[in-house]
Amino acid sequence: MSKTLLEKALREALTPELLEVRDRTEAHAGHSGASEGGHYELTVVSRRFEGLSALDRHRLVYDVSARIPHIHALAIRAWTPDEHAQRAARRSTGRSRPVVL
0 MSKTLLEKAL REALTPELLE VRDRTEAHAG HSGASEGGHY ELTVVSRRFE
50 GLSALDRHRL VYDVSARIPH IHALAIRAWT PDEHAQRAAR RSTGRSRPVV
100 L
């Protein structure tokens, strides 16, 4: 339920070009705090992140997710469309970093 609510809230607030929400709760079963809520990995690609620092992007995602009950932890990847395209290009060429000539 929290995953569905989280996806809906992020779509409404950030109008992402790409949104992936992976529920990792089972991987954290038995650890302290695990019973308090779910663990989620997020990949969000949105124009709303343009001009924002990584910290401000994460704050924006946390502000949206704070409205959703039963979330214990988030792992966030928050990129602009251009950053996402650059990462995809590097993966397709096998390069881990851009080459500066």
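In terms of numbering that gives the first Met the number 0, the sequence shown has 25 at position 26, counting the first letter as 1, and numbering is strictly consecutive.
Backbone N, C-alpha and C define an ideal beta-carbon position, used for all residues, glycine too.
Owing to the predicted nature of the structure, the values given are computational and were not obtained by experimental measurement.
- The Cβ-Cβ distance between A8 and V60 does not fall below 7 Å.
- Exposure of R46 is indicated by the presence of fewer than 16 other C-beta atoms within 10 angstroms of its C-beta.
- Spanning the alpha carbons of T79 and R90 requires a straight line of approximately 17 Å.
- When V43, S1, Y39 are compared, the shortest CA-CA separation from R21 is found for Y39.
- Annotation: the continuous beta strand (DSSP E) that includes L73 extends over 70–78.
- With fewer than 16 other Cβ atoms from the protein chains shown falling within 10 Å of its own Cβ, L17 counts as exposed.
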